[in-house]
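Sequential numbering of the sequence shown, starting at 554, is according to the working numbering.
Every residue, glycine too, gets a C-beta built ideally from N, C-alpha and C.
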Amino acid sequence: MSRIYVGSINFELTEEHIHRVFSEFGSISNVSMSKDAATGKHKGYGFVEYEIPEAAALAIETMNGTMLGGRQLRIGRPHNYEVAVVHGFPRAPDTRIYVANVNEAIAEDSLKEIFAPFGEIRQCVLAPDFATRKHRGWGFIEFAEAAAAGQAALAMNKFSLGNLVLRVCKCLVGGPLGKGMAALDDVKSPGTAGQSPAVKPPQQVVEVAASITKSITKESSPIVLLTNVVGGRSEVDDDLAADMAEEGEKCGKIFKVVVHLATEREISGSQSHAGDNEVKIFIHYADTAAAARAVGVFDQRWFGGRQISAQHYDLDRYRQETSADTMVYMP
């Protein structure tokens, strides 16, 4: 139930790229891509194994048909998947939902507060990471009534919280929820001894989410910064922005691409090797989900004999740094 098939994969993408793109639905235990023994390259398909079935279901629902690296992904169950296997798991309570892609700055209490307008919540837990002592980005919410759970799943799936897009669905299997983040209290730190709501998120949800989002200092962004695309400003030509826009659109809709030639002050203040940050390429996506996919695809990818570095970039800083740039491409 937790394993999915991923087909029509761009041959330049690696297992690491697939892991990054699909991890927003939940923790991944394994990514495997079938490889050609003669060439050593993958054959264009593979499998992603999640830790829980709900993550797999969300990935299939969301990613099937999505464009990634210029190819339309085919996502589904493996051929050996048996529906009968489902009957071997505890039945899922209809009052429980699964929530993934939760910003690391969102605590259990905050998540509970956001979902509270849908109805009484009996339990809200996020899966703990015992190594980092942070949550793992996913968890479960159990309501007192099934109607509340159903409405929450419909309204909050794809809801933007902390500049990440929530992934929400009804649970597929049952069983105890566990203690959530409270389980960390049992483990020493390293180095120490009512009403039916509308499908649209209520205004109260929006207001609480906005308040929490403002308090998050490390945010995702619709801006992706690419460096090391070219060796220096001498290699920049009139087609560079358009070329990067063509590549960038494979991950989602973009507003524009800006080629930024760093000033002497910016270069002298950088700790990178000379030339590495002379040319910065900014891709402004229409949403953060597309930007996240782009970071997963572009980072560490080889392009023209150079290994690109890709990362999210603060929107305000981007606006300040590129306000005077003229090398702009708008599709």
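Nearest CA to the CA of residue i: which residue from the options?
{"i": "R965", "options": "S876, N654, T592", "result": "This structure does not reach residue 965, given that the chain is present from 554 up to 884, and the question cannot be answered."}
{"i": "C722", "options": "G599, G629, G703", "result": "G703"}
{"i": "V497", "options": "K594, L621, E577, P606", "result": "Since the displayed the chain opens at 554 and closes at 884, residue 497 lies outside it and no answer follows."}
{"i": "G728", "options": "A610, A608, R649", "result": "R649"}
{"i": "R675", "options": "E695, E799, P646, V584", "result": "E695"}
{"i": "M734", "options": "G579, P681, S561", "result": "P681"}
{"i": "Y603", "options": "A590, T619, G579", "result": "G579"}
{"i": "G849", "options": "A839, G858, Q864", "result": "Q864"}
{"i": "L868", "options": "D852, V881, F683, H837", "result": "H837"}
{"i": "A697", "options": "L719, L725, S862, D647", "result": "D647"}
{"i": "D792", "options": "T685, K594, M883", "result": "M883"}
{"i": "F575", "options": "C724, A798, E607", "result": "E607"}
{"i": "Y598", "options": "R630, I605, K687", "result": "R630"}
{"i": "D739", "options": "A839, A700, F683", "result": "F683"}
{"i": "S699", "options": "R720, L719, C724, V718", "result": "For the record, residue 699 in the displayed sequence is Ala; it is not Ser. Selected option, being the one with the closest Cα: C724."}
{"i": "M880", "options": "L719, E569, R786, A843", "result": "R786"}
{"i": "Y871", "options": "F835, D852, F851, S862", "result": "F835"}
{"i": "H632", "options": "F600, N617, F851, T816", "result": "F600"}
{"i": "E799", "options": "A701, F851, T816", "result": "F851"}
{"i": "A612", "options": "S862, S587, M797, K711", "result": "K711"}
For a quick check, are the C-beta atoms of residue i and residue j less than 8 Å apart?
{"i": "N885", "j": "T567", "result": "Limits of the chain in this structure are 554 at one end and 884 at the other, which puts residue 885 out of reach."}
{"i": "E661", "j": "V678", "result": "yes"}
{"i": "G801", "j": "V789", "result": "no"}
{"i": "K833", "j": "L778", "result": "yes"}
{"i": "L714", "j": "I659", "result": "yes"}
{"i": "F671", "j": "V782", "result": "no"}
{"i": "R624", "j": "I562", "result": "yes"}
{"i": "A645", "j": "V726", "result": "yes"}
{"i": "L737", "j": "R686", "result": "yes"}
{"i": "E565", "j": "R859", "result": "no"}
{"i": "F668", "j": "A705", "result": "yes"}
{"i": "V652", "j": "L707", "result": "no"}
{"i": "E831", "j": "A815", "result": "yes"}
Along the chain, where does the alpha helix (DSSP H) that runs through residue i open and close?
{"i": "K665", "result": "661-668"}
{"i": "T841", "result": "841-851"}
{"i": "A736", "result": "Segment: none, A736 is in no alpha helix (DSSP H) and carries neither H nor E."}
{"i": "L679", "result": "Looking at the DSSP string, L679 is not in any alpha helix (DSSP H); the run it does join, the beta strand (DSSP E), is 674-682."}
{"i": "G703", "result": "699-709"}
Report buried or exposed for residue i, applying the criterion of at least 16 other Cβ atoms within 10 angstroms of its Cβ.
{"i": "T615", "result": "buried"}
{"i": "P775", "result": "buried"}
{"i": "N656", "result": "buried"}
{"i": "S582", "result": "exposed"}
{"i": "S555", "result": "buried"}
{"i": "G692", "result": "buried"}
{"i": "H813", "result": "buried"}
{"i": "F642", "result": "exposed"}
{"i": "S663", "result": "buried"}
{"i": "A590", "result": "exposed"}
{"i": "R846", "result": "buried"}
{"i": "A795", "result": "exposed"}
{"i": "R573", "result": "buried"}
{"i": "E569", "result": "exposed"}
{"i": "H595", "result": "buried"}
{"i": "E673", "result": "exposed"}
{"i": "A839", "result": "exposed"}
{"i": "I571", "result": "buried"}
In the DSSP assignment, find the unbroken beta strand (DSSP E) run with residue i in it and report its ends.
{"i": "I605", "result": "Neither: I605 is in no beta strand (DSSP E) and is coded neither H nor E."}
{"i": "I571", "result": "Looking at the DSSP string, I571 is not in any beta strand (DSSP E); the run it does join, the alpha helix (DSSP H), is 568-575."}
{"i": "E800", "result": "No beta strand (DSSP E) holds E800; the alpha helix (DSSP H) holding it covers 793-801."}
{"i": "R649", "result": "649-653"}
{"i": "L814", "result": "807-814"}
{"i": "T780", "result": "776-780"}
{"i": "A863", "result": "862-866"}
{"i": "G858", "result": "Segment: none, G858 is in no beta strand (DSSP E) and carries neither H nor E."}
{"i": "G629", "result": "627-629"}
{"i": "K723", "result": "720-723"}
{"i": "V559", "result": "556-560"}
{"i": "R689", "result": "687-696"}
{"i": "H837", "result": "832-838"}
{"i": "S585", "result": "581-588"}
Any 3 or more C-beta pairs closer than 8 Å across the region 799-806 and the region 860-876: no
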